[in-house]
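Quick note on the numbering used here: the sequence shown kicks off at -9 and runs consecutively.
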Amino acid sequence: VHYCVANMPGAVPRTSTEALTAATLPYVLRLADLGLDALREDATLAAGASTIHGKLVSRPVAEAQGLPYTPLEQAL
């Protein structure tokens, strides 16, 4: 039997919230402690950035939207 439901986390909201919090809290704390410097120090955070100071720092997003791309290092 195969079962596909787009919103399975909604069936177990407390558990899914706890899992999401456990996965994301370390990143939130790092950003809170270091601000934008966290992007310079953590490649994972940097890879998740789309815009900084109004500039698109995600090449795929910029290309998809036909907008100018700015390397993250320049935007910081």
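Beta carbons: idealized from backbone N, C-alpha and C, even for Gly. Just so we're clear, the structure is a prediction, and the values are computed from it rather than from any experiment.
6 Å CB neighbourhood of leucine 46 in its chain, flanking five on each side removed: Ala52, Leu57, Tyr59
Boundaries (first-last residue) of the alpha helix (DSSP H) holding glycine 0: It is not in any alpha helix (DSSP H) - glycine 0 carries neither H nor E in the DSSP assignment.
CB of arginine 20 within 8 Å of CB of leucine 35, strictly: yes
DSSP three-state assignment for leucine 21, whether helix, strand or coil: helix
For leucine 46: DSSP bridge partner residues: Thr41
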